[in-house]
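Adding 680 to a residue's 1-based position in the sequence shown gives its number in the working numbering.
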Amino acid sequence: MQTIQERISKWMAAAFALVMAGYAAVAVADAFHLLRVPMELDYEEGNVLNAGLRIVQGLTPYPDPHGWPVAFNPYGPLAYLSTAALIKVFGVSFTAPRVFVVLCAVGVAGLLMVLLRHFGNSWSAAIGFGCLFLCVPTIRTWMPILRVDFLGLALTVAGLCVFFMAPRRWYIAVVFLVAALFVKYSLLAAPASCGLYLVIQRDWKRLGKSLGLGAALVIAGSSAAQIWSGGHFAFQMFGTHPDPFQFSAYLKHLRLLSMELPVIWGLVVVAIVFDVVRKKMSLGPLYFLMALCGAITAGKLGSNVNHLFELIAASCLCAGLGWNEMSAWAKAKGAAILPASVLAVVVSATLAVFSLHFRRVDASGCEREYAFLRSHGDQMLSENVGALVLSGKPVLLSSPYVFAQLVMHRAWPDAPVRDRLRQKQFDAVVLHRGIAPSDRWTPEVLADIDQNYYLGKDFGCWEAERVYLPKVATQPKGR
């Protein structure tokens, strides 16, 4: 017979699941509210959409980086192929690819629930901690944005599910984990966790077979991509990140994330303590520690908080497992009310950083800008690649940031851009902040724009506010 404390704990878990599911529903609804906006919400969106469009046009997303037009696409082929498939079916827009991204994020939450349930959590707790992933402000902010991260993370967590829930189907787990690498090759935390787990278990046979199949798939996939790209895939993957690394930037990202996950990381510590006491390492702490190491890529100059997505997923998983361990311990000690109290704190902490309001974006300026660009020639240089794609214009440089970093840190030749600017071959130049210092353009390129182009229009379109037109002899210099 259940004690009053145990009944309260059970009811609290059910309430926790209900509240977190409600929060998650708001986050997903907010994402769907934004995803139809006909404008680039993030700098990389246009580059991803353009890469998919290149595939639809029969081109490789990994062309010769020394040719013209220039296209730098540093992510794996599965990300771009999925975007291409959606463009082929639904046409050129951000909407369908963004819907796919949101579904991948929801899929990650669902797979976390399955894993948590498999490792002993009640369905109520599993649902609550799985939904928590969607409620983290960082995840909610990025959910409607066309990036590759959620697809890769969904494949990663799917691989973990198969690895632990169907060990005899180890080869399926390997396929999922390798597929994730061909979306974003920095998603190494899950394969590392699985490998270390097999070492701890001394399951050398399964480890050897998994490593062998994984290596074969990586070699086969990389070779196919290298052939498809005419020999440029390897450089596009590994040679387009010359921007400097700062460990302090990584720590700053972690500090900001800790403000969103204080209670969750507290439960992560609980899970780690239980493993230390038992002198064994389970999935939750192992995956969290590997993801913490993997998130170090956030220290690169051009990196953003999307490099922390896997760490957030690992945190939710580890926190759920830590809460389950604490519940079992508290029940044995006659303190079943303790885990219920912790869930109440989790709900309160989530509400403290969660907004019930939907975000709104005014895209009217972008629509006017697209109309303007459609009537002003085809030779355009744009900081906002999405503006060109949605205007039906060819993309001559994608991505400007990578190009600028290569010029500044690898002595990459900038003549293809600067010569065309000096000769006023571009019909228009689209900039975010005008002629102002930026890590997306070298000072020399900005000086050439300032010397040969004038501010023709200011549309107020996000990341494409200012349109510069070629100067004629009678026009004064202006910013």
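Cβ atoms here follow ideal geometry from the backbone N, Cα and C, with glycine treated the same way.
Straight-line gap, Glu724 to Leu972 (C-alpha atoms, nearest Å): Linking Glu724 to Leu972 through their CA atoms gives a straight-line distance of about 24 Å.
Considering only the alpha carbon of each residue, which of Leu714, Ala1008 and Val953 lies closest to Trp822? The candidate whose alpha carbon is nearest that of Trp822 is Leu714.
Since Arg1120 and Glu1049 are thought to touch, with beta carbons under 8 Å apart, how far apart are those beta carbons, to the nearest angstrom? The Cβ separation is near 18 Å, so there is no contact.
Who are the Cβ neighbours of Met961 in its own chain at under 8 Å, not counting the five residues just before and after it? Around Met961: Leu876, Tyr877, Ile880 and Asp955.
Taking the C-alpha atoms as reference points, what is the distance between Val736 and Val863? The straight-line gap separating the alpha-carbon atoms of Val736 and Val863 is approximately 18 Å.
Going by beta-carbon coordinates alone, are Ala869 and Ala994 separated by less than 8 Å? Ala994 sits close to Ala869, with the two beta carbons spaced by under 8 Å.
Across which residues does DSSP place Pro1150 in a beta bridge pair? Pro1150 is bridged by DSSP to Tyr1133.
Drop a sphere of 10 angstroms on the beta-carbon of Met700, count the other beta-carbons inside from all chains shown, and report buried for 16 or more, exposed for fewer. The residue is buried, with at least 16 neighbouring Cβ atoms inside 10 Å.
Would Val1069 and Asn730 be called neighbours here (beta carbons separated by less than 8 Å)? A contact, by the Cβ cut-off of 8 Å.
Cα-Cα, which of Pro847, Lys889 and Leu840 is closest to Leu867? Ranked by Cα distance from Leu867, the options Pro847, Lys889 and Leu840 are led by Leu840.
Look at Gly738 and Thr763 and say whether their C-beta atoms are less than 8 Å apart. No, the Cβ-Cβ distance between Gly738 and Thr763 is not below 8 Å.
Rounded to whole angstroms, what is the Cα-Cα separation between Gly771 and Phe1052? When rounded, the separation of the alpha-carbon atoms in Gly771 and Phe1052 is 21 Å.
If you drop the 5 nearest sequence neighbours on each side, which residues of the same chain put their C-beta closer than 6 Å to that of Val750? Annotation for Val750: Leu1077 place their beta carbon closer than 6 Å to its own, counting only its chain and skipping 5 residues before and after.
Which residue or residues does DSSP assign as beta-bridge partners of Leu1061? Paired residue(s): Val1109.
Chain C beta carbons: is any one of them nearer than 8 Å to that of Ser689? Here there is only one protein chain, and chain C is not present.
Flag this pair as touching only if the stretch 765-783 and the stretch 1108-1117 have three or more C-beta atom pairs under 8 Å; answer yes or no. Verdict: no, contact absent.
Per DSSP, cross-strand counterpart(s) of Leu1077: The partner list for Leu1077 (beta bridge, DSSP) reads Val750.
Measuring only the C-alpha atoms, how far is Val943 from Phe696? Taking the straight line from one Cα to the other gives about 14 Å.
The alpha helix (DSSP H) enclosing Ala978, as first and last residue numbers: In the DSSP assignment, Ala978 falls outside any alpha helix (DSSP H), carrying neither H nor E.
Phe712 - DSSP class collapsed to helix/strand/coil: Helix, per DSSP.
What does a CB cutoff of less than 6 Å around Val1147 pick up in its chain, not counting 5 residues either side in sequence? Sequence-distant partners of Val1147 (beyond 5 residues in either direction) whose C-beta falls short of 6 Å from its own C-beta, in its chain, are Ala1108, Val1110, Gly1136 and Lys1137.
Are the stretch 822-837 and the stretch 785-799 touching by the rule of at least three beta carbon pairs closer than 8 Å? Touching, per the Cβ criterion.
To the nearest angstrom, report how far apart Met719 and Met917 are at their CA atoms. Met719 and Met917 have their alpha carbons spaced roughly 27 Å apart.
Assign Tyr851 to buried or exposed, taking buried as 16 or more other Cβ atoms, counted over all protein chains shown, within 10 Å of its Cβ. Counting every other CB atom within 10 Å of its CB across the protein chains shown gives Tyr851 a total below 16, marking it as exposed.
Restricting to Cα atoms, I'd like to know which of Trp1003, Ala1024, Gly888 and Asp1099 is closest to Leu698. Cα-wise, what sits closest to Leu698 is Ala1024.
If we count the other Cβ atoms within 10 Å of its Cβ and call it buried at 16 or more, is Ala1116 buried or exposed? Classification of Ala1116: exposed, given that the 10 Å Cβ count is below 16.
7 Å Cβ shell around Asp829 - same chain, five flanking residues per side excluded: Listed in chain order, the non-local C-beta contacts of Asp829 below 7 Å within the same chain comprise Lys864, Asn986 and Phe989, local neighbours out to five positions each way being set aside.
Closest by C-alpha distance to Gln926, when choosing among Ala975, Lys885 and Arg1054: Of the candidates Ala975, Lys885 and Arg1054, the one whose C-alpha sits nearest the C-alpha of Gln926 is Ala975.
Contact check, Gly790 vs Gly810, beta carbons under 8 Å: Yes, the pair counts as a contact, with Cβ atoms nearer than the cut-off.
Secondary structure at Asp1128, three-state DSSP: helix, strand or coil? The answer is helix: DSSP assigns Asp1128 an H, G or I state.
What are the start and end residues of the alpha helix (DSSP H) that includes Cys998? Its alpha helix (DSSP H) spans residues Phe989 to Ala1012.
Inter-residue Cα distance where the pair is Val757 and Arg687: What sits at residue 757 in the sequence shown is Pro, not Val. Roughly 51 Å between the two C-alpha positions.
First and last residue of the alpha helix (DSSP H) that includes Lys768? Start and end: Pro757 to Phe770.
Residues bridged to Asp1094 by DSSP? Under the DSSP definition of a beta bridge, Asp1094 lacks any partner.
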